[in-house]
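J.:
Residue numbers (full-length UniProt numbering): 1 to 408.
1. Could you check the C-alpha separation between residue 92 and residue 360 for me, to the nearest Å?
2. Of the residues 156, 24, 238, which one's Cα is nearest the Cα of residue 387?
3. What's the gap between the Cα of residue 158 and the Cα of residue 403?
4. In chain order, what are the residue ranges of uninterrupted alpha helix (DSSP H) at least 4 long that sit wholly in the region 263–324?
5. Residue range of the beta strand (DSSP E) that residue 170 falls in?
6. Measure the C-alpha to C-alpha separation of residue 314 and residue 77 and round it to an integer number of angstroms.
7. I believe residue 207 touches residue 29 by the beta-carbon criterion, under 8 Å. Please report the beta-carbon distance rounded to the nearest angstrom.
8. Counting along the chain, where does the beta strand (DSSP E) carrying residue 73 start and finish?
9. Using the C-alpha atoms, what's the distance from residue 75 back to residue 324?
10. Under a Cβ-count criterion, where at least 16 other Cβ atoms within 10 Å of its own Cβ denotes burial, should residue 62 be classed as buried or exposed?
11. Output needed for residue 280: all residues of its chain with C-beta closer than 8 Å, excluding positions within five of it in sequence on either side, in chain order.
12. Hey, which unbroken runs of the beta strand (DSSP E) at 3 residues or more fall wholly within the region 34–111?
13. Determine the direct distance from the alpha carbon of residue 255 to that of residue 229, and round the result to whole angstroms.
14. Report the partner residues of residue 121 according to the DSSP bridge assignment.
15. Could you work out which residue in 358, 374, 317, 381 is closest to residue 365 when comparing CA atoms only?
16. Relative to the C-alpha of residue 348, which candidate in 203, 71, 371, 379 has its C-alpha closest?
17. Check the C-beta distance from residue 121 over to residue 200 and give it rounded, since I have them as a contact under 8 Å.
18. With 16 as the cutoff for other CB atoms within 10 Å, does residue 132 come out buried or exposed?
19. Given this structure, state the Cα-to-Cα distance separating residue 409 from residue 80, to the nearest angstrom.
20. Using DSSP with H/G/I as helix, E/B as strand and the rest coil, what is residue 209?
21. For residue 5, name the three-state secondary structure that DSSP assigns.
22. Measuring straight from C-alpha to C-alpha, what distance separates residue 160 and residue 171?
23. How big is the Cα-Cα spacing for residue 47 and residue 106?
24. Specify whether the region 214–227 and the region 165–181 touch according to this definition: at least 3 beta carbon pairs, one from each stretch, less than 8 Å apart.
25. Would you please state the rounded distance, in angstroms, between the beta carbons of residue 179 and residue 319? I believe it to be under 8 Å.
26. So residue 415 packs on residue 385, CB below 8 Å; how close in whole Å?
27. Distance, Cα to Cα, residue 117 vs residue 35?
28. Does DSSP put residue 225 in a helix, a strand or coil?
29. What does a CB cutoff of less than 7 Å around residue 10 pick up in its chain, not counting 5 residues either side in sequence?
30. Give me the Cα-Cα distance between residue 342 and residue 52, rounded to the nearest whole angstrom.
31. Taking Cβ to Cβ, would you say residue 219 is nearer than 7 Å to residue 253?
32. Rounded to whole angstroms, what's the CA-CA distance from residue 181 to residue 101? Just pull it up for me.
33. Going along the chain, which residues of its own chain have a beta-carbon closer than 6 Å to the beta-carbon of residue 198, five neighbours each way excluded?
34. Beta-carbon within less than 7 Å of residue 1's beta-carbon, same chain only, minus the 5 sequence neighbours each way: which residues are those?
35. Apart from the five residues on each side of it in sequence, which residues of its chain come closer than 7 Å, Cβ to Cβ, to residue 123?
36. Between which two residues does the beta strand (DSSP E) holding residue 383 run?
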């Protein structure tokens, strides 16, 4: 870490009252949303001070989600890499198959506390959509999910699951028909329905307080990993933690409890897509520059005129031109490093984990597995590396078959 960089403050110290992580974050929204966001800030502050709120959420995480998720030693993967001991934080074993449920239950509880009677959401890979539909079914809330038409094609199992759970799916045909366009449509819905509707944003993006609030709900991943590491590593913390980064919710969740521990290296893995050419990847922290997208200031893929660029990833959940503002803050302070993983590298990692450990990872998580293996191979065998396995890969089976030209 460079000595010229400002030291990253702990997640408890950021954002400030304006929702800023250093120069990133904030709130860039139409006036129609200001009151709803102020109401959300006030209700979240009250909930954090109310022990019954966290008690109810802890109970749901334990009995409905199945937490704590295990910290699993990947023995055969470790032997294949020949370096550090590789451990997987198994968020894929959560109810609904991904880390997304940690956040949606928390925001659904806030929806009820605010007296809102309708929920909307956006989704890319569909895991946030399924998690939101699940939370709404659990609490009896009507739910509308916006999803790009291209992502609906790629993620049919999750689309069907959302319908089974009672959600209405609204296909978005504009733009690249992916996550960015789904967020745009959800924002438009929210501006016209804000009096009775809460928008459950699925990542650490959007205007304040969403990046902070989603990080807080997802930090259960890192808190558990910290305790489990101390137990498994004879009282030591992991030497390195690796997670994939699209919007960045699973990475923020597992990184945040380790930010104050300078000895723990934090590595985020962006979607390198097909190549480093513009439009062929989804890596704003590597190739983007600061700008405003979906209500906050962060690294964004932009053209010379400042327009948001099209991006590509084979993973619907990483196919997004922006990133959570706290990741931009961690990048610029040097607290976390961000690297890329191409589509083909992620596909090889998918096969490696499936055949060496008997686990099908989500394509998103496969990016973290690929680069986690590379990093581990350069470390010593007495060190420990934890990878956040953010979701399971059942949803991606049909898309993998299509990409490989195989019959389904």
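The beta-carbon is built from N, C-alpha and C at its ideal position, and this holds for glycine as well.
T.: In this structure, then:
1. A direct Cα-to-Cα measurement between residue 92 and residue 360 gives close to 9 Å.
2. If we check each option's Cα against that of residue 387, 238 comes out closest.
3. Those two C-alpha atoms are separated by around 18 Å.
4. Counting only runs of 4 or more, we get 284–287.
5. Per DSSP, the continuous beta strand (DSSP E) segment holding residue 170 begins and ends at 168–172.
6. Their backbone Cα atoms lie some 24 Å apart in a straight line.
7. Taking a contact as a CB-CB distance under 8 Å, the pair residue 207 and residue 29 counts as one, their CB atoms being some 5 Å apart.
8. Per DSSP, residue 73 belongs to the beta strand (DSSP E) from 71–73.
9. If you draw a straight line from the Cα of residue 324 to the Cα of residue 75, it comes to about 33 Å.
10. With fewer than 16 other Cβ atoms from the protein chains shown falling within 10 Å of its own Cβ, residue 62 counts as exposed.
11. By the criterion of a C-beta distance shorter than 8 Å, residue 280 is surrounded in its chain by 273, 274, 312, once the five residues flanking it on both sides are discounted.
12. Whole beta strand (DSSP E) segments, 3+ residues: 71–73, 85–90.
13. About 14 Å.
14. Paired residue(s): 145.
15. Nearest of 358, 374, 317, 381 to residue 365, Cα basis: 317.
16. For the residues 203, 71, 371, 379, the minimum Cα distance to residue 348 belongs to 371.
17. At roughly 5 Å, the Cβ-Cβ gap stays under 8 Å, so residue 121 and residue 200 are in contact.
18. That one is buried.
19. The structure shown does not extend to residue 409, since the chain spans only 1 to 408, so no value can be given for it.
20. Looking at residue 209 - three-state DSSP - the assignment turns out to be coil, as it is neither helix nor strand.
21. Note: residue 5 maps to coil in three-state DSSP.
22. Distance between the alpha carbons of residue 160 and residue 171: 13 Å.
23. If I take the Cα positions, the gap works out to 10 Å.
24. Touching, no.
25. The C-beta separation of residue 179 from residue 319 comes to about 6 Å, placing the pair in contact by the 8 Å criterion.
26. The question about residue 415 has no answer here: the residues shown for the chain are numbered 1 through 408.
27. Near 17 Å, if we compare the C-alpha coordinates of residue 35 and residue 117.
28. Correct three-state label for residue 225: helix.
29. Close CB contacts of residue 10 within its chain, under the 7 Å cut and outside five residues either way in sequence, are with 259, 260 (chain order).
30. C-alpha separation (whole angstroms): 44 Å.
31. Cβ atoms of residue 219 and residue 253: closer than 7 Å.
32. Cα-Cα distance, rounded: 22 Å.
33. Contacts found: 111, 116, 119.
34. Confidence at residue 1 is low in this model, with a pLDDT of 45, below 50, so the placement of that residue should be treated as unreliable; the coordinate-derived value is given next. Excluding residues within five positions, the ones whose Cβ falls inside 7 Å are 334.
35. Within the same chain, residue 123 has close Cβ partners 129, 145, 147, 182, 202.
36. No beta strand (DSSP E) contains residue 383, which DSSP labels as neither H nor E.
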